[in-house]
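Asks:
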Amino acid sequence: SDKNDAVSSSASQCLPRLCEAAGESWPAVLSALPTSARKAYSAWAAAGGSGGAWPADEDQPAGSPGQAPAIEQTADSDDSDNEAGPSVSFGFIPAPLMAGLEQSGSWQSRAAAIGQLQELLDGLGEKEGGDGRRAAASHAPALVSFLLRVLDEEQNFKIVLTTLQILSDVLEAFGEAVRAWPEAATVLVPALMDQFADNKIVIRRANLSVVRKLISLLTPARVLRPLLPF
C-alpha cells in the first residue's frame with residue numbers, strides 16, 4: 002500500500018543517517034541484531050537500499066560508491082582500521098573460523114569452531130608479547146555483542162557452555178575496554194539474565210560466574226539499573 006511504501010522510504014532514508022551517527026560502533030550495532038534483522042539488512046544493502054542508491058546529496062558511506070554498507074562490515078573489513086588485515090573479524094578471528102561460527106546447518110561445525118575460538122583467545126596474550134590482545138581490545142564491544150547473539154540463538158548445550166566460558170575470558174582479557182564501553186551493562190545484563198532460565202545447572206553456574214565477573218568489573222552500581230526490571 003501507499004502507507005507501507007512511505008514507511009519503507011522513510012526507513013531507507015534513516016539508515017544512512019544511523020550509520021553515520023553510530024560511526025565506529027556501527028559494526029557492533031549490526032552484530033547485535035537478530036538473525037532475521039541482519040538478513041533483511043543484508044538484502045536491503047545488496048540492492049543498494051530500497052530506492053537503489055543512496056541519495057545524491059548525502060555523504061556516501063564507506064564502501065562502493067552509491068551502495069549501502071554490507072553487513073560484512075561486522076568482520077572489520079576496512080583495511081585502514083584493521084591492523085590484522087582484511088581477512089579477520091574482531092581484530093583476530095580468521096575468516097574461515099568466523100564462517101564456521103556462523104554455520105547454521107551443522108552444530109558439529111559450530112562446536113568445533115567455538116572450541117578453536119576459545120584456544121585462539123587463550124593464545125592472544127602470548128602472541129608477540131601481548132600485542133595480539135592489545136590489537137583486539139578495541140573490538141571488545143563488538144565481540145561481546147557477537148557472543149551474546151550466539152547465546153541467544155544457540156540450542157546446543159556444549160556450544161552454549163563454551164560461549165559462556167569465552168565470554169568470561171573476554172571480560173578478563175579486555176576488562177578495560179569493556180569497562181569503558183558505556184552500554185556494557187545494559188547490553189550484557191539482560192542477555193545473561195535470560196541464561197538463568199536454562200534447565201541445565203551447569204549452564205546456570207557458568208552464567209553466574211560471568212555475572213559475578215561482570216559485577217566486579219563494572220561495579221554493582223552500573224549493573225543494578227538494568228538488573229532491576231528482572
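Those letters in the sequence shown? Residues 2 to 231, per the numbering used here, in order.
Every residue gets a Cβ at the ideal spot worked out from N, C-alpha and C, and that includes glycine.
#1: Examine the Cβ distances between the segment 172-181 and the segment 135-142 and report whether three or more of them are shorter than 8 angstroms.
#2: Could you check which residue in Phe158, Trp182, Thr220, Ser88 has the C-alpha nearest to that of Arg205?
#3: If we call anything under 8 angstroms between Cβ atoms a contact, is Leu148 one with Ile167?
#4: Report, in whole angstroms, the separation of the C-beta atoms of Arg134 and Leu125, which I expect to be a contact under 8 angstroms.
#5: Specify, as a first and last residue, the run of the alpha helix (DSSP H) that Glu173 falls within.
#6: Looking only at DSSP bridge pairs, what is Val89 linked to?
#7: Can you tell me the Cα-Cα spacing of Pro227 and Ala100, whole angstroms?
#8: So the alpha helix (DSSP H) Leu189 belongs to, where does it begin and stop?
#9: For Pro230, is the classification buried or exposed, using 16 other Cβ atoms within 10 angstroms of its Cβ as the cut-off for buried?
#10: May I ask you to report which of helix, strand or coil DSSP gives Gln109?
#11: Could you have a look at Asn208 and say whether DSSP puts it in helix, strand or coil?
#12: Output the distance between the C-alpha atoms of Pro221 and Ser107, rounded to the nearest integer angstrom.
#13: If contacts are defined as beta-carbon pairs under 8 angstroms, then Leu118 and Leu98 qualify, I think. What distance do you get, rounded to the angstrom?
#14: Would you report the Cα separation of Ser90 and Ser169, rounded to the nearest angstrom?
Replies: So, from the data block:
#1: Yes: at least three Cβ pairs fall under 8 angstroms.
#2: Here the closest residue by C-alpha is Phe158.
#3: Yes.
#4: Contact annotation, Arg134 with Leu125: C-beta distance approximately 4 angstroms; criterion of less than 8 angstroms satisfied.
#5: Where Glu173 is concerned, the enclosing alpha helix (DSSP H) starts and stops at 158-174.
#6: Residue pairing by DSSP places Val89 opposite Pro95 in a beta bridge.
#7: Between Pro227 and Ala100, the C-alpha separation is close to 33 angstroms.
#8: For Leu189, the uninterrupted alpha helix (DSSP H) segment begins and ends at 185-196.
#9: If you draw a 10 Å sphere on the C-beta of Pro230, you find fewer than 16 other C-beta atoms in it, and that means exposed.
#10: Under the three-state reduction of DSSP output, Gln109 falls in the helix class.
#11: DSSP, read as helix, strand or coil, puts Asn208 in helix.
#12: When the Cα atoms are used, Pro221 and Ser107 turn out to be separated by approximately 39 angstroms.
#13: Right, the Cβ-Cβ distance comes to about 7 angstroms (below 8 angstroms), so this counts as a contact.
#14: The alpha-carbon of Ser90 is positioned some 19 angstroms away from that of Ser169.
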